Amino acid sequence: MANFSTSEFKSGLKVMFEGDPCAILENEFVKPGKGQAFNRVRFRNLRSGRVWERTFKSGESLEAADVMELDMEYLYTDGEFWHFMKTDGSYEQTAAPEAAVADSKDWLKEQETYAVTLWNDDPISVSPPNFLELEVVETDPGLKGDTAQGGSKPAKVSTGAVVKVPLFVEIGDVLRVDTRSGEYVSRARGS
Amino acid sequence: MQALETRARLLHDVRAFFHGRGVLEVQTAILGGATVTDPAVESFQVDGLGYLQPSPEYQLKRLLAAGAPSLYQLGPVFRAGESGRRHNPEFVMLEWYRLGFSDVELMKEVAELVDLILGPSEYRTLAYAEVVSLAGDQLAVPADIRPRELLDLRFSVGIEALGPGRFFVTDYPSDQAALARLRDEDATVAARFELVVDGLELANGYYELGNPDELRRRFQRDLEVRCSAGQHQPAVDEKFLAAMKAGLPDCAGVALGFDRLLMLKLGADDLADVMAFPIGRA
């Protein structure tokens, strides 16, 4: 695989660092007028999601990481692996281990499309779309007519996530939910 | 568009400042036959002709040695491999030399120019060692860093840690004298200063060293460092050394990053915001 030198570092570049694939978030060139040049680099570890900063001497290089992000449809889980299928018509499938879906497990809905990050063709992380429409499977009984006032209660949706919802929401309602914040947006259809 | 207009106004103000003080504007060659040996500065080589000059320093000093009065140049310089929020391979440098000035007198004039452009403010003076100590003990450093490189990194971090305000950094260790004299009273300290404004290194000045033998020794030491690091080995600038042998009058000189001054004036966060065509868009 190719190497990238510090002068080629830029936001979005995928490189290997300490054995893990990382995405460069920020690269700052630092140099005193009459001194050694450095690059201060912020990374996101694509496996753990952790962000950290390292300083390199300018001119050092890192190996490129064979990382790509694909849109894939979620199929099912067998308890050990979570299965996804390419949406390019090839019906090619890939099995993601628990570590890859750790952050998105409660947002996996069959036949939805997810962004799957592959490293050397193995899935290492899965991101849900920003908004999903999900059915409420568990919540306290709704309070009819209470549509205007504040107040909220927890509701469990079909994928397993628990969302804070207004008091009028009932089991069977389909909600539009922001998966980034885990917040209720609206009812997706009347009930 | 505002940046273009402010740039034009600042160019005018700087020229008026020097005109009012009887300092002569000169234009030396941008493409020169030789270049600096400083290991921290890489020049762009032009096949068969020489180098795009990383600073007009040597040519300006040759003019001084030939009898020119106090002078300045305001024009483009080039440094290979320097690119970032605060660096662009081509930038505008304001460099001036004052006959009969010491570094301390020149610092006063630098402050007067900066006051004119950015408005008056206080200037604090602190020693190089104080800046380095601001970097603290928690600094993450590359594994194979050499002592001098670590010092450079700590200095860069220390400068940022200074925060808002205007600071003159003085008392550079003698191995970072570059082309400054060493102090008569203490040869471990160089008569060199830098001006830092709001965490940005803005200007670097010297009480100029004219001794050709000492200069040649420093160039040789630079070339040894370059050799061990596998860097390009430029020939020593013999025309410059010959001029120094003829005699550099007592003087102090300073180079100021004009584009950075413009950044400060406009409150810009990125050099690209104050240049019409930064690298990559040029």
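Chains as they are written, first to last, in the working numbering: chain V, 214 to 404; chain H, 33 to 314.
Virtual Cβ for every residue (Gly too), placed ideally from N, Cα, C.
Owing to the predicted nature of the structure, the values given are computational and were not obtained by experimental measurement.
Per DSSP, what kind of secondary structure is V:Met298 in: helix, strand or coil? strand
Decide if H:Arg224 is buried, meaning its Cβ has at least 16 other Cβ atoms within 10 Å, or exposed. H:Arg224 comes out buried.
Less than 8 angstroms between the C-beta atoms of V:Glu286 and V:Met229, yes or no? no
H:Phe110 at chain V interface by Cβ criterion, 8 angstroms: It does not: the Cβ of H:Phe110 has no partner Cβ on chain V nearer than 8 angstroms.
For the candidate residues V:Val243, V:Pro310 and V:Asn258, whose alpha-carbon lies nearest to that of H:Asn120? Residue V:Val243 holds the alpha-carbon nearest to the alpha-carbon of H:Asn120 among V:Val243, V:Pro310 and V:Asn258.
Could you give the residue range of the beta strand (DSSP E) that holds H:Met33? H:Met33 -> no beta strand (DSSP E), and no H or E assigned at all.
Do V:Phe251 and V:Arg267 count as a contact pair if the criterion is CB distance below 8 angstroms? no
Can you tell me where the alpha helix (DSSP H) holding H:Gly279 begins and where it ends? Glu270 to Gly279 is the extent of the alpha helix (DSSP H) around H:Gly279.
Contact the stretch 328-343 of chain V vs the stretch 309-316 of chain V: 3+ CB pairs below 8 angstroms: Cβ pair count under 8 angstroms is three or more, so yes.
Run through chain V and tell me which residues come within less than 8 angstroms of H:Ile177, C-beta to C-beta. Lys270
If you follow the beta strand (DSSP E) that H:Phe200 is in, where does it begin and where does it stop? Run containing H:Phe200: Arg198 to Thr202, per the beta strand (DSSP E) assignment.
How big is the Cα-Cα spacing for H:Gly80 and H:Gly197? In this structure, the alpha-carbon of H:Gly80 lies about 45 angstroms from that of H:Gly197.
Below 8 angstroms CB to CB, which residues in the same chain sit around V:Tyr327 once its five sequence neighbours on both sides are set aside? Asp284, Met285, Glu286, Tyr287, Phe297, Ser317, Leu321, Val339, Ser340, Pro341 and Pro342
Among the residues of its own chain, which have a CB less than 8 angstroms from the CB of H:Leu95, if the five just before and after it don't count? Val58, Thr60 and Leu103
From H:Ala235, H:Asp135 and H:Arg258, pick the residue whose C-alpha is nearest to that of H:Ala284; which is it? H:Asp135
Where the beta strand (DSSP E) through H:Val124 begins and ends: Note, H:Val124: beta strand (DSSP E), Glu122 to Leu131.
Whole runs of the beta strand (DSSP E) within the stretch 143-197 of chain H, excluding any shorter than 3 residues: 155-159
Every unbroken beta strand (DSSP E) within the stretch 231-314 of chain H, with a cutoff of 3 residues, ordered by chain: Along the length of the stretch 231-314 of chain H, whole beta strand (DSSP E) runs at least 3 residues long occupy 232-239 and 283-289, reported in chain order.
So, helix, strand or coil for H:Thr220, using DSSP? coil
DSSP puts V:Thr268 in a beta bridge; with which residues? V:Arg253
Nearest neighbour of V:Asn258, chosen from V:Gly248, V:Gly272, V:Asp233 and V:Gly246 [CA to CA]: V:Asp233
Indicate whether at least one CB of chain H lies closer than 8 angstroms to the CB of V:Phe251. yes
Selection from H:Val229, H:Leu126 and H:Val189 that minimises the alpha carbon distance to H:Val109: H:Leu126
On a Cα-Cα basis, can you pick out the residue from H:Phe272, H:Glu154, H:Ala35 and H:Gly99 that is closest to H:Leu56? H:Gly99
Which residues in chain V have a C-beta closer than 8 angstroms to the C-beta of H:Val173? List them in chain order. Thr268
In the DSSP assignment, the alpha helix (DSSP H) including H:Ala97 goes from what residue to what residue? Glu89 to Ala97
From V:Ser224, V:Val370 and V:Val254, residue whose alpha carbon lies closest to that of H:Ala172: V:Val254
Assign V:Pro391 to one of three DSSP states: helix, strand, or coil. Correcting the residue type first, residue 391 of chain V is Asp in the shown sequence and not Pro. DSSP places V:Asp391 in strand when its eight states are reduced to three.
So that I know if they touch, is there some Cβ in chain H lying closer than 8 angstroms to that of V:Pro310? no
Cβ of V:Glu323 less than 8 angstroms from any chain H Cβ? no
On the DSSP bridge assignment, give the partners of V:Pro310 in chain order. V:Phe294
Near-chain V residues of the stretch 188-220 of chain H (beta-carbon distance less than 7 angstroms), N- to C-terminal order: Ser188, Gln208 and Ala210
Just by C-beta distance, which residues in the stretch 63-89 of chain H are closer than 7 angstroms to chain V? Asp70 and Ala72
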